[in-house]
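Take a look at the structure set out below.
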Amino acid sequence: QKEVEQNSGPLSVPEGAIASLNCTYSDRGSQSFFWYRQYSGKSPELIMFIYSNGDKEDGRFTAQLNKASQYVSLLIRDSQPSDSATYLCADTGFQKLVFGTGTRLLVSP
Amino acid sequence: NAGVTQTPKFQVLKTGQSMTLQCAQDMNHNSMYWYRQDPGMGLRLIYYSASEGTTDKGEVPNGYNVSRLNKREFSLRLESAAPSQTSVYFCASRDREREGCFGPGTRLTVT
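Protein sequences appear in the order of chains V and Z.
Per this note's numbering, the first sequence starts with residue 1, numbered consecutively.
Per this note's numbering, the second sequence starts with residue 1001, numbered consecutively.
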């Protein structure tokens, strides 16, 4: 059974700082992951997809996948109060889409 | 492009009643999913359909059934609702690699 683990937080950072969110996974064969952002009372929205080892950058977001250590991370540069949300990591797997419980991020002005 | 749509948005049921949650996507995605989300529990997979004509159980399938009616539509049925099924239900779809979209959710209360 695939498992994805995330620290529930909250992770508190000041405005303008770098927020670092992490996710570990159990399936050594996993190769690709989604990062979603979910605001309170809303549905998750996709912010990043990462497939291979290394980094992928999109604007202020950088996703990192380390297959040897079985972790995925998301860095948010120049964090803004509007980034305050829960961030969910998902193992895209073979057919399933398995989520961690999410990390709550709070960005203070 | 409407993305993923779900109906209804809200529903209140009495214990023992049945209902069907509807989901449709217009992105030509092969895979569709039903999740429930409870406070502190994250998204738990109920059922999924990797392609038209196939369905499989997820982590928490008991008390639910699904139908993949065609490539666009994937419905979730509660045959005899229980208070433990009070939750927010999300439908999602994805293609093989890069897109994974959620519907707006259905807030279900079972009294």
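Just so it is clear, CB atoms sit at the ideal spot from N, CA and C, and this is done for glycine as well.
Would you report the Cα separation of residue i and residue j, rounded to the nearest angstrom?
{"i": "Thr-101 (chain V)", "j": "Glu-3 (chain V)", "result": "10 Å"}
{"i": "Trp-35 (chain V)", "j": "Leu-1078 (chain Z)", "result": "30 Å"}
{"i": "Ser-1080 (chain Z)", "j": "Val-1012 (chain Z)", "result": "13 Å"}
{"i": "Ser-12 (chain V)", "j": "Trp-1034 (chain Z)", "result": "31 Å"}
{"i": "Ala-1092 (chain Z)", "j": "Arg-37 (chain V)", "result": "14 Å"}
{"i": "Thr-1020 (chain Z)", "j": "Thr-1007 (chain Z)", "result": "9 Å"}
{"i": "Ile-47 (chain V)", "j": "Thr-1015 (chain Z)", "result": "38 Å"}
{"i": "Asp-55 (chain V)", "j": "Lys-1009 (chain Z)", "result": "38 Å"}
{"i": "Leu-106 (chain V)", "j": "Ser-84 (chain V)", "result": "5 Å"}
{"i": "Ser-1087 (chain Z)", "j": "Pro-10 (chain V)", "result": "23 Å"}
{"i": "Ser-82 (chain V)", "j": "Pro-14 (chain V)", "result": "12 Å"}
{"i": "Asp-91 (chain V)", "j": "Ser-32 (chain V)", "result": "6 Å"}
{"i": "Thr-25 (chain V)", "j": "Gly-1063 (chain Z)", "result": "According to the sequence displayed, residue 25 (chain V) carries Tyr and not Thr. So the two alpha carbons sit approximately 28 Å from each other."}
{"i": "Asp-58 (chain V)", "j": "Leu-75 (chain V)", "result": "10 Å"}
{"i": "Val-1004 (chain Z)", "j": "Ile-18 (chain V)", "result": "32 Å"}
{"i": "Ser-1051 (chain Z)", "j": "Ser-108 (chain V)", "result": "43 Å"}
{"i": "Ala-1002 (chain Z)", "j": "Tyr-71 (chain V)", "result": "34 Å"}
{"i": "Ala-68 (chain V)", "j": "Phe-49 (chain V)", "result": "19 Å"}
{"i": "Phe-94 (chain V)", "j": "Asn-53 (chain V)", "result": "18 Å"}
{"i": "Asp-1038 (chain Z)", "j": "Leu-1108 (chain Z)", "result": "11 Å"}
Quick one: grab the DSSP three-state call for residue i.
{"i": "Pro-1083 (chain Z)", "result": "helix"}
{"i": "Asp-78 (chain V)", "result": "coil"}
{"i": "Ser-83 (chain V)", "result": "The sequence given here places Asp at residue 83 (chain V); Ser does not occur at that position. It is helical."}
{"i": "Phe-34 (chain V)", "result": "strand"}
{"i": "Pro-44 (chain V)", "result": "coil"}
{"i": "Lys-67 (chain V)", "result": "coil"}
{"i": "Asn-7 (chain V)", "result": "coil"}
{"i": "Arg-1098 (chain Z)", "result": "coil"}
{"i": "Ala-1002 (chain Z)", "result": "coil"}
{"i": "Arg-1068 (chain Z)", "result": "strand"}
{"i": "Ser-12 (chain V)", "result": "strand"}
{"i": "Glu-1052 (chain Z)", "result": "coil"}
{"i": "Met-1019 (chain Z)", "result": "strand"}
{"i": "Arg-104 (chain V)", "result": "strand"}
{"i": "Gly-1042 (chain Z)", "result": "strand"}
{"i": "Glu-1059 (chain Z)", "result": "coil"}
{"i": "Ser-1031 (chain Z)", "result": "strand"}
{"i": "Lys-1009 (chain Z)", "result": "coil"}
{"i": "Leu-97 (chain V)", "result": "coil"}
{"i": "Asp-1026 (chain Z)", "result": "coil"}
{"i": "Asp-55 (chain V)", "result": "strand"}
{"i": "Ser-26 (chain V)", "result": "coil"}
How many whole angstroms separate the CB atoms of residue i and residue j, which I take to be in contact at a CB cut-off of 8 Å?
{"i": "Gln-1085 (chain Z)", "j": "Val-1110 (chain Z)", "result": "5 Å"}
{"i": "Glu-77 (chain V)", "j": "Ser-8 (chain V)", "result": "The question names Glu, but residue 77 (chain V) is Arg in the sequence shown. That belief does not hold up - the Cβ atoms of Arg-77 (chain V) and Ser-8 (chain V) are roughly 23 Å apart, past 8 Å."}
{"i": "Cys-110 (chain V)", "j": "Gln-6 (chain V)", "result": "Since the first residue of chain V shown is 1 and the last is 109, residue 110 (chain V) is not available in this structure."}
{"i": "Ser-20 (chain V)", "j": "Ser-73 (chain V)", "result": "6 Å"}
{"i": "Leu-88 (chain V)", "j": "Arg-1094 (chain Z)", "result": "Actually they are not in contact, since the Cβ atoms of Leu-88 (chain V) and Arg-1094 (chain Z) sit about 14 Å apart, beyond 8 Å."}
{"i": "Gly-1053 (chain Z)", "j": "Phe-99 (chain V)", "result": "Actually they do not touch by this definition, with Cβ atoms about 25 Å apart."}
Does the segment 1059–1068 of chain Z come into contact with the segment 1035–1048 of chain Z, if we say contact requires no fewer than three beta-carbon pairs (one atom in each stretch) closer than 8 Å? Touching, per the Cβ criterion.
Any contact between the segment 1097–1104 of chain Z and the segment 39–54 of chain V? By contact I mean 3 or more CB pairs, one from each, below 8 Å. yes
Looking at C-beta atoms only, is the number of pairs between the segment 1067–1081 of chain Z and the segment 1019–1038 of chain Z that lie closer than 8 Å three or more? yes
At a cut of 8 Å, does the segment 56–66 of chain V reach the segment 1004–1024 of chain Z through at least three beta carbon pairs? no
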